[in-house]
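Q:
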Amino acid sequence: MTVESDAWELYTSWKKTPSTSNSIPRFYYKIPYEDGSLRQKLREEARAVFIERKNKELLDNEDLKELWMLLEQNLSPPFTNEDHMINYLDFKKVSNKSDEKFKSYFSARIFAKLLQNDKHGRISIRHFFNYVMRKVWLHQTRIGLSFYDLAGQGYLREVVSFNNFSINLLNKNVILSTT
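Each step along the sequence shown adds one to the number in numbering that gives the first Met the number 0, with nothing skipped, and position 37 is 36.
#1: Taking C-alpha atoms, which residue in S75, L169, L69 lies nearest to K118?
#2: Quick one: grab the DSSP three-state call for N129.
#3: Less than 8 angstroms between the CB atoms is what I'm expecting for F127 and L70, so what's the real figure, rounded?
#4: Rounded to a whole number of angstroms, what is the C-alpha to C-alpha distance between F146 and T79?
#5: Between the Cα of E56 and the Cα atoms of G153, W67, K134, which residue gives the shortest distance?
#6: Alpha carbon to alpha carbon, what distance is there between A107 and L66?
#7: Rank D62, E81, I85, R38 by C-alpha distance to the C-alpha of Q72 and give the top, closest one.
#8: Considering only their Cβ atoms, is the gap separating F105 from S94 smaller than 8 angstroms?
#9: Buried or exposed: which applies to F90, given that a residue is buried once 16 or more other Cβ atoms fall within 10 Å of its Cβ?
#10: How big is the Cα-Cα spacing for L58 and V48?
#11: Going by DSSP, what residues sit across from N184 in a beta bridge?
#12: Can F101 and Y87 be called in contact, C-beta distance under 8 angstroms?
#13: Exposed or buried, what is T2 when buried is set at 16 or more other beta-carbons lying within 10 Å of its beta-carbon?
#14: With a 10 Å radius around its C-beta and 16 neighbouring C-beta atoms as the bar for buried, classify L155 as buried or exposed.
#15: Since G151 and R46 should fall inside the 8 angstroms C-beta cutoff, what is the C-beta to C-beta distance between them, to a whole number of angstroms?
#16: Compare the Cα-Cα distances from D98 to each of D62, W13, S4, L114 and report the closest residue.
#17: Which of the three DSSP states is assigned to S103 in this structure?
#18: Since L130 contacts L144 with CB under 8 angstroms, what's their CB separation in whole angstroms?
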């Protein structure tokens, strides 16, 4: 009993703060809305530069074609007619041959997620490619959504912003479906 109380006294003396809810640090600070202020303009410009940088990091059609060619050139035996497969060693070879943009997609975790019941420990290159394309589409949508988030809060607060985003998204889908 004395060991526990001594340990508790030692802990509180090192901590030097009372164990009340007042000692919880504040983790959220509301962004001030100051129209025309230098701070607001700086925040908007920094956000625009950040979004543009993230947009440049995305894979485009040429990058995806290059990825598909690299995957097809590094198939793993035994070859089958049904699906093209790749094992982890060849997967890492493709990773080493590919551009820096692709590195985040070539992890052991992603390989393990896509690994199914193949007795040779391979994944389908079609499944991997679809995974990469869906991730790219997800990032494109998030970046597109952030262009309409004028306050930079991570969500659309006003009906006008949401309507503009929805109309733009529908127009893109109509254009894609007609081509």
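For every residue, glycine included, the Cβ atom is placed at its ideal position computed from N, Cα and C. None of these values were measured; they are calculated from a predicted model.
A: Looking at the coordinates:
#1: Sequence index remark: in the sequence shown, residue 118 carries index 119 (1-based). Checked all of S75, L169, L69; the closest Cα to K118 is S75.
#2: Indexing the sequence shown from 1 puts residue 129 at position 130. Looking at N129 - three-state DSSP - the assignment turns out to be helix.
#3: To locate residue 127, count along the sequence shown from 1; it is residue 128. To locate residue 70, count along the sequence shown from 1; it is residue 71. Correct: roughly 7 angstroms between the Cβ atoms.
#4: Here residue 146 corresponds to residue number 147 of the sequence shown, with the count starting at 1. Here residue 79 corresponds to residue number 80 of the sequence shown, with the count starting at 1. Taking the Cα positions, F146 is about 45 angstroms away from T79.
#5: Against the sequence shown, residue 56 aligns to sequence position 57. The shortest Cα separation from E56 among G153, W67, K134 belongs to K134.
#6: As a working mapping, residue 66 is identified with position 67 in the sequence shown. As a working mapping, residue 107 is identified with position 108 in the sequence shown. Looking at the two C-alpha atoms, the distance is approximately 17 angstroms.
#7: As a working mapping, residue 72 is identified with position 73 in the sequence shown. By alpha-carbon distance to Q72, the top candidate from D62, E81, I85, R38 is I85.
#8: Taking the first residue of the sequence shown as 1, we reach residue 94 at position 95. Taking the first residue of the sequence shown as 1, we reach residue 105 at position 106. Yes. Within cutoff.
#9: Start at 1 with the first residue of the sequence shown, and residue 90 comes out as number 91. Burial call: buried.
#10: Within the sequence shown, residue 58 is the residue found at index 59, counting from 1. Within the sequence shown, residue 48 is the residue found at index 49, counting from 1. One Cα belongs to L58, the other to V48, and the distance between them is close to 18 angstroms.
#11: No answer is possible for residue 184: the residues shown for the chain start at 0 and end at 178.
#12: Numbered from its first residue, the sequence shown carries residue 101 at position 102. Numbered from its first residue, the sequence shown carries residue 87 at position 88. No, these two residues do not count as a Cβ contact at 8 angstroms.
#13: Counting from 1 along the sequence shown, the entry for residue 2 is found at position 3. Looking at the sequence provided, one finds Val at residue 2 rather than Thr. Exposed, because fewer than 16 other Cβ atoms sit within 10 Å of the Cβ of V2.
#14: The count along the sequence shown starts at 1 and reaches residue 155 at position 156. A residue is called buried once 16 or more other Cβ atoms fall within 10 Å of its Cβ, and L155 is buried on that count.
#15: In the sequence shown, residue 151 corresponds to position 152, counting from 1. In the sequence shown, residue 46 corresponds to position 47, counting from 1. Contact between G151 and R46 holds: CB atoms are separated by about 5 angstroms, below the 8 angstroms threshold.
#16: If you number the sequence shown from 1, residue 98 lands on position 99. Cα-wise, what sits closest to D98 is D62.
#17: Here the question's residue 103 lines up with position 104 in the sequence shown. In this structure, S103 counts as helix in the three-state DSSP scheme.
#18: Along the sequence shown, one-based indexing puts residue 130 at 131. Along the sequence shown, one-based indexing puts residue 144 at 145. According to the sequence displayed, residue 130 carries Tyr and not Leu. Their Cβ separation, rounded to whole angstroms, is 21 angstroms, which puts Y130 and L144 out of contact at 8 angstroms.
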